[in-house]
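The sequence shown begins at 1 in full-length UniProt numbering and counts up one residue at a time.
The C-beta atom is built at its ideal place from N, Cα and C for all residues, glycine as well.
As the structure is a prediction and not an experimental result, all values here were calculated from the model.
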Amino acid sequence: MAERDATGAPLERVLPPGQHWRAEPEVMHYGPVPRPRPDRWSFTVGGATADGAERVFGWADLERLDDCEVVADMHCATRWSALDQHWAGPRAADVVELAPPAPHVREVLVFAEFGYAANIAVDDLLSPRTILATRLEGAPLSYERGAPMRLVLPHLYTWKGPKWVRGWNYLPEGSAELGFWEQRGYHRHGDAWRQERYAYQENSPRPRVPQD
Numbered sequence: 001m002a003e004r005d006a007t008g009a010p011l012e013r014v015l016p017p018g019q020h021w022r023a024e025p026e027v028m029h030y031g032p033v034p035r036p037r038p039d040r041w042s043f044t045v046g047g048a049t050a051d052g053a054e055r056v057f058g059w060a061d062l063e064r065l066d067d068c069e070v071v072a073d074m075h076c077a078t079r080w081s082a083l084d085q086h087w088a089g090p091r092a093a094d095v096v097e098l099a100p101p102a103p104h105v106r107e108v109l110v111f112a113e114f115g116y117a118a119n120i121a122v123d124d125l126l127s128p129r130t131i132l133a134t135r136l137e138g139a140p141l142s143y144e145r146g147a148p149m150r151l152v153l154p155h156l157y158t159w160k161g162p163k164w165v166r167g168w169n170y171l172p173e174g175s176a177e178l179g180f181w182e183q184r185g186y187h188r189h190g191d192a193w194r195q196e197r198y199a200y201q202e203n204s205p206r207p208r209v210p211q212d
């Protein structure tokens, strides 16, 4: 068992700057908790796609993709981090391969239930550790944790990984379209290891803190 300090936090674990350890993640969301049914659920990829067409995937389509397991820490912009969360689901990159963007696209707007959205760089979406999680700790996601699917991007703050995700739109170069928290002054990129919390920081990028 890993050694722990007086607060119970594991020793020799590096957290992003400004973060503190939390034993269990706080369940946070804006508005009510939706309860979508997989048999009526769909995932849409649109915007500036390579062929100009919108693709709509059903639950069964995404279930056929290879499963990926990721053990990752969660970093909330409210300054807590929960360690070693065990997620599983298809890689976001596999969906990008099925419905690729136009060559000039560098960013997507990921959208979820009730109009929530977040700006994500395509490079972050393509990370091998970015998944469309359907399970947590070996069990299907609860509704409160984002069932039936949520986006998990371990190196970004958690607001960048929407619960109840329903798809994304590829944004044309120079797009000013912003997600829910980005419209309210939060950072367009949101790298936890660069402490990219607020939009004013976009003009003065910070160095990335080594993770080990």
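message: Only counting the same chain, and skipping five residues up and downstream in sequence, which positions put a Cβ closer than 7 angstroms to that of Arg-13?
response: Numbered from 1 along the sequence shown, position 13 holds the residue referred to as residue 13. Excluding residues within five positions, the ones whose Cβ falls inside 7 angstroms are Leu-83.
query: So is Gly-23 buried or exposed if we call it buried at 16+ other beta carbons inside 10 Å?
result: Counting from one through the sequence shown, the residue named residue 23 turns up at place 23. Checking the sequence, you will find Ala at residue 23 rather than Gly. Burial call: exposed.
- prompt: Of all the beta strand (DSSP E) runs that stay within the bounds of the UniProt domain "Oxidoreductase molybdopterin-binding" (31-173), which reach a length of 3 or more residues?
  reply: 42-47, 55-58, 67-75, 80-90, 107-112, 117-121, 131-133, 150-152, 165-171
query: With DSSP run on the structure shown, which of helix, strand or coil describes Trp-21?
result: Here residue 21 is taken as the residue at index 21 of the sequence shown, counted from 1. In this structure, Trp-21 counts as strand in the three-state DSSP scheme.
message: By the three-class DSSP mapping on this structure, what secondary structure does Ala-6 have?
response: Mapped onto the sequence shown, residue 6 falls at position 6. Confidence is the limiting factor: at Ala-6 the pLDDT is only 48, short of 50, which leaves the residue's position unreliable and the question unanswerable from this model.
- request: Could you tell me which of Val-122, Gly-89, Phe-111, Val-110 sits nearest to His-104, measuring between CA atoms?
  value: By 1-based counting over the sequence shown, the position of residue 104 is 104. Minimum Cα distance to His-104 is reached at Val-122.
- request: Just the C-alpha distance for Met-1 and Asp-191, rounded to the nearest angstrom, thanks.
  value: Taking the sequence shown and counting its residues from 1, one reaches residue 1 at position 1. Taking the sequence shown and counting its residues from 1, one reaches residue 191 at position 191. Any reading at Met-1 must be qualified, since the residue scores a pLDDT of 45, below 50, and its modelled position is unreliable; no value is offered.
message: With the cut-off set at 7 angstroms, would you say Trp-87 and Val-70 are in Cβ contact?
response: Taking the first residue of the sequence shown as position 1, residue 87 is located at position 87. Taking the first residue of the sequence shown as position 1, residue 70 is located at position 70. A contact, by the Cβ cut-off of 7 angstroms.
message: I'd like the list of long-range same chain contacts for Met-74, defined as Cβ closer than 7 angstroms, with 5 residues on each side in sequence excluded.
response: On the sequence shown, residue 74 is found 74 positions in, with the first residue counted as 1. Cβ neighbours of Met-74 beyond the five flanking positions: Pro-25, Ser-81, Ala-82, Gln-85, Thr-158.
message: Taking DSSP's pairing of strands, which residues face Tyr-198 in a bridge?
response: The residue you call residue 198 lines up with position 198 of the sequence shown. Answer is Tyr-186.
- prompt: Should Asp-124 go down as buried or exposed, given a rule of 16 or more other Cβ atoms within 10 Å for buried?
  reply: Taking the first residue of the sequence shown as position 1, residue 124 is located at position 124. Burial call: buried.
message: For Gly-46 and Ala-72, what's the separation of their Cα atoms in angstroms?
response: On the sequence shown, position 46 is the one that residue 46 refers to. On the sequence shown, position 72 is the one that residue 72 refers to. Near 28 angstroms, if we compare the C-alpha coordinates of Ala-72 and Gly-46.
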